[in-house]
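Letter 1 of the sequence shown, counting from 1, is numbered 0 in numbering that gives the first Met the number 0, and no numbers are missing.
No residue lacks a Cβ here, since even glycine has one placed at the ideal position from N, Cα and C.
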Amino acid sequence: MNKILDPLDRALAAVENGLIVAIVTLMVGFAFIQIVLRLWQAQFLWGDIVLRHLVLWVGFIGASLATRDDKHIGINILQRLMKGRWKHLTRALVHIATIVVCLVLVSASYDFVMSEKEFGTVLFDEVPAWMFQIIIPIGFGLIALRLLINTLREIAAIFNPLPDVEEEVA
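The following block contains the structure:
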């Protein structure tokens, strides 16, 4: 199972890491330009709007990467009490429930973005809002994909258990 999932997971992580580096670099550079321009009482009127929407992109891509490493926000007290196969089964079930929630959010956010496109909402100049908002359904989709990969790993661990290694708490 890992022979199939690992290359896909690594490729997706490489793309996500590259996007985050590019977007954050763009944000820092653009924010710097905005600050310099303000010193001369000039600025791009749409600059802050673009920066806010780029934060949304970084947030969703970062959430996908956090899900990859199981570092996302979660309530896992029950999982900490379980060992072996039960722990993997519980984690798989929680992942499946979260996938369902993410897919509902993909659908709802896709409908929202398409309604923004249909109504012709514009962020600035002639740039449509949906072009920046499309990350919302894509982000939830990426999180669902990461959870699916994690679920398949948990299911594989149920049938091929490895010895439990105690996690260090920092």
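The C-beta distance from I154 to L4 rounds to 11 Å, too long to meet the 8 Å contact threshold. Taken in chain order, the complete beta strand (DSSP E) segments of 3 or more residues contained in the stretch 88-147 are 121-123. N1 sits in a helix when the DSSP states are folded into three classes. The beta carbons of H94 and T150 sit closer together than 7 Å. Close CB contacts of A30 within its chain, under the 7 Å cut and outside five residues either way in sequence, are with L50 (chain order). Between V112 and R152, the alpha-carbon positions lie close to 32 Å from each other. Rounded to whole angstroms, the Cβ separation of W39 and F123 is 21 Å, and the two are not in contact under 8 Å. In this model, T97 and L18 are separated by some 25 Å (Cα to Cα). Taking C-beta atoms under 8 Å as the contact rule, L53 and L25 qualify, at a distance of about 7 Å. In the structure shown, the three-state DSSP call for D69 is coil.
Burial is judged here by how many other beta carbons sit within 10 angstroms of a residue's own beta carbon; L77 has fewer than 16 and is exposed.
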